[in-house]
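Shown next, in structure tokens, is the structure this report addresses.
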């Protein structure tokens, strides 16, 4: 262990120190850490906005904020959580893990890597600054539907520019991921021998490259509609407001899978490790991931069943959407089959992964219900939808990120987190996440629309419960931060292979992993 | 499985007897809303059954295949047969869902043979209703009591306001047992018209005319809201439909045709 630390110190000598180290770094681990810390910060900013929303919705009547500000909060909460918390978290994990998992010294394009991170703080500073404008931040929902978004105040061009920056950052990151995976694998590691997390990220990166430019196109047209006299989306000028929705969701649906496929990869890594048994059906997992990615490009209009599409269109998008249940089902069944007759232990990463499977599947069930067009006419734009996508994104994507952090933390730092506190964090998070989001199914079915700052009195009880759950969930995450800092203060004690059942090249490296992961590529047979 | 679903129904029913704790979609009073309800329950029960099986197997495994109980890991990690089976079975279940769903959808989108037409126009933040054949037309917005109570710092107890946020100044009146075609459009931004008990929602979009139909079977007052974010007062443009027997509707029309004409002459 100590030789290893000396080894790291030796390699540091050519590095600038202090702040300049982080600004100029081209190291995949440094950049991975930057991404992850940034994501954590954004998670708390976005979470704070969610708590403002939940505080206002604690009881009917307006107590805290005016409706316009409420709409800014819902809009910003979504943008921050999607682009600021989740996407950077997954890119951070990719940065840390991909080179170690494929036996490479670093990412393929280190300088690009630096850039793709350092775009983010500027983009989010600009995005958040709009909240302090006299006309306020964006308030038309994260989907930015015109004509409403064209009515917005001065924030609009700033929001669009920051979204462009975020898109550029994501595309640069995706290029780097693809270049790394396709070119830098250790000899002997064929594509079908890659760790499943690497596979899911490879597919995600292609989704990013295909989807982000579409968003860029849509928001650029919004910009020219507002400032340069075009009428892409304005009916009065011969344009079509629904066109925007088609373009937006052609980006938006793949985007949803960009947020969940790497999570699938994480769960497919952690479940076998703590079941002490190989992942069941590796090949079908890869094919299922690829099928989900392909399907994601032909289901977009299920977000807009109520816009008045032709019957044939509604039927087509209903069928394709339902079809997604097949590969997703394969994944869930394979996870269960992996656990079957394994030898399981329940450390914190495993607990979060098990909760992921159950709660993500519940989100999948409500997704299947939403796919049924005639029923969607009732569900659409109600709290049922809010419950659905929070189930797949919070106990889905976010749980996967948390599980990944606990799982790889000993590898990254050489230090073990406190298992008892980790379990407390798990139980608090899981209980509160359900208290928050499960009642939303009920009020949604009972008729409460989403994106409203105030509601009819019959929805009071479940809203109160949801608000209490939200504050509990938010506070539980402070414990997560405490656990992280407590871990960082520990001495280096973690074994190279920190978990008994862990598989993969990263566990052949010392803990903490050396600055340049693999100087000489390992041989994979 | 039957016992389980009976248990779930019983528990849902006992909960929903308290109006405030409503956990399910209301049963409809029009063929389209009823069909949506039936589909909703069908898919819900199917997912419950799948969930019970999958989670059941998972929890069995969690309790029995744990290291602390001395479980030794098996070495199997693939089986083409099993994987084909659990690809095909979900597919078959999906086909089973798709057939009734498609039939219902075709029924819902068939607006032919309607007897009267109601044109609905969304405004920020109110609705305009035009009875195309009967020459009645009026605006409908949040009633004054709710509007006063909903202001930030109004100090009015909203629980004491009659139908808080779900009451309007001018109700839509529709005849029962009549196929009514509803045309939807908007003058400024996109809105969506939704009254859960009589119909699913549809967007009201500037430059578009969308269609819905309802055939209300039971007289009564049905309430709904705008369901597409339309700006700051999106949460404050409710919809109230009063369904009355045909004769009463005819009376209401004749009364209001005159009244509206008189209004205009003022």
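Chains as they are written, first to last, in the numbering used here: chain W, 3 to 527; chain S, 25 to 290.
Note that beta-carbon positions come from the ideal geometry of N, C-alpha and C, so glycine has one too.
Predicted model only: the values in this text are computed from it and were never measured.
Let me know if residue i comes out buried or exposed under the rule of 16 or more other beta-carbons within 10 Å of its beta-carbon.
i: residue 279 of chain S; result: exposed
i: residue 108 of chain S; result: exposed
i: residue 289 of chain S; result: Note that residue 289 of chain S scores a pLDDT of 44, beneath 50, so its modelled location is shaky; the value from the coordinates is reported in the next line. Flag for residue 289 of chain S reads exposed.
i: residue 421 of chain W; result: exposed
i: residue 465 of chain W; result: buried
i: residue 185 of chain S; result: buried
i: residue 84 of chain S; result: exposed
i: residue 130 of chain S; result: exposed
i: residue 136 of chain S; result: exposed
Checking the sheet assignment: what are the DSSP bridge partners for residue i?
i: residue 141 of chain S; result: S:205
i: residue 90 of chain S; result: W:346
i: residue 412 of chain W; result: Looking at the DSSP assignment, residue 412 of chain W forms no beta bridge with any residue, so it has no partner.
i: residue 263 of chain S; result: S:248
i: residue 152 of chain S; result: S:145 and S:163
i: residue 236 of chain S; result: S:206
i: residue 215 of chain S; result: S:228
i: residue 192 of chain S; result: S:166
i: residue 198 of chain S; result: S:267
i: residue 384 of chain W; result: W:451
i: residue 223 of chain S; result: S:219
Is the beta carbon of residue i less than 8 angstroms from the beta carbon of residue j?
i: residue 278 of chain W; j: residue 58 of chain W; result: no
i: residue 255 of chain S; j: residue 219 of chain S; result: no
i: residue 442 of chain W; j: residue 385 of chain W; result: yes
i: residue 523 of chain W; j: residue 189 of chain W; result: yes
i: residue 205 of chain W; j: residue 295 of chain W; result: yes
i: residue 54 of chain W; j: residue 67 of chain W; result: yes
i: residue 495 of chain W; j: residue 418 of chain W; result: yes
i: residue 102 of chain S; j: residue 283 of chain W; result: yes
i: residue 246 of chain S; j: residue 277 of chain S; result: no
i: residue 177 of chain W; j: residue 114 of chain W; result: yes
i: residue 138 of chain W; j: residue 70 of chain W; result: yes
i: residue 264 of chain W; j: residue 95 of chain W; result: yes
i: residue 148 of chain W; j: residue 246 of chain W; result: yes
i: residue 354 of chain W; j: residue 401 of chain W; result: yes
i: residue 107 of chain W; j: residue 367 of chain W; result: no
i: residue 61 of chain W; j: residue 462 of chain W; result: yes
i: residue 322 of chain W; j: residue 281 of chain W; result: no
i: residue 48 of chain W; j: residue 86 of chain W; result: yes
i: residue 252 of chain S; j: residue 215 of chain S; result: yes
Since residue i and residue j should fall inside the 8 angstroms C-beta cutoff, what is the C-beta to C-beta distance between them, to a whole number of angstroms?
i: residue 72 of chain W; j: residue 455 of chain W; result: 4 angstroms
i: residue 269 of chain W; j: residue 337 of chain W; result: 7 angstroms
i: residue 174 of chain S; j: residue 189 of chain S; result: 7 angstroms
i: residue 158 of chain W; j: residue 228 of chain W; result: 6 angstroms
i: residue 60 of chain S; j: residue 376 of chain W; result: 5 angstroms
i: residue 145 of chain W; j: residue 250 of chain W; result: 6 angstroms
i: residue 213 of chain W; j: residue 257 of chain W; result: 6 angstroms
i: residue 239 of chain S; j: residue 55 of chain S; result: 6 angstroms
i: residue 196 of chain S; j: residue 153 of chain S; result: 6 angstroms
i: residue 320 of chain W; j: residue 374 of chain W; result: 7 angstroms
i: residue 221 of chain S; j: residue 47 of chain S; result: Actually they are not in contact, since the Cβ atoms of residue 221 of chain S and residue 47 of chain S sit about 16 angstroms apart, beyond 8 angstroms.
Going by C-alpha distance, which of the options is nearest residue i?
i: residue 88 of chain S; options: W:345, W:106 and W:380; result: W:345
i: residue 160 of chain S; options: S:172, S:143, S:167 and S:149; result: S:143
i: residue 226 of chain S; options: S:238, S:182 and S:208; result: S:208
i: residue 406 of chain W; options: W:180, W:325, W:468 and W:275; result: W:275
i: residue 182 of chain S; options: S:193, S:192, S:194 and S:169; result: S:169
i: residue 217 of chain S; options: S:259, S:176 and S:58; result: S:259
i: residue 363 of chain W; options: S:52, S:61 and S:72; result: S:72
i: residue 272 of chain S; options: S:62, S:265, S:187 and S:199; result: S:199
i: residue 412 of chain W; options: W:77, W:438, W:491 and W:480; result: W:491
i: residue 14 of chain S; options: S:263, S:212 and S:171; result: Because residue 14 of chain S is not part of the residues shown, which for chain S are 25 to 290, the question remains open.
i: residue 112 of chain S; options: W:327, W:453 and W:383; result: W:327
i: residue 125 of chain S; options: S:233, S:58 and S:96; result: S:58
i: residue 489 of chain W; options: W:423, W:332 and W:317; result: W:423
i: residue 130 of chain W; options: W:154, W:155, W:160 and W:117; result: W:160
i: residue 2 of chain W; options: S:215, S:211 and S:270; result: Outside the displayed span of chain W (3 to 527) sits residue 2 of chain W, for which this structure offers no information.
i: residue 28 of chain W; options: W:56, W:45, W:75 and W:120; result: W:120
i: residue 104 of chain W; options: W:314, W:476, W:18 and W:197; result: W:197
Would you say residue i touches the ligand MG, meaning its beta carbon is less than 7 angstroms from a heavy atom?
i: residue 478 of chain W; result: Ligands are entirely absent from the displayed structure, and the ligand MG is therefore not among its contents.
- Task: Note down, in chain order, all residues in the stretch 213-235 of chain S with a beta-carbon under 8 angstroms from any beta-carbon belonging to chain A.
- Result: Given the protein chain composition of this structure (W and S), no chain A is represented.
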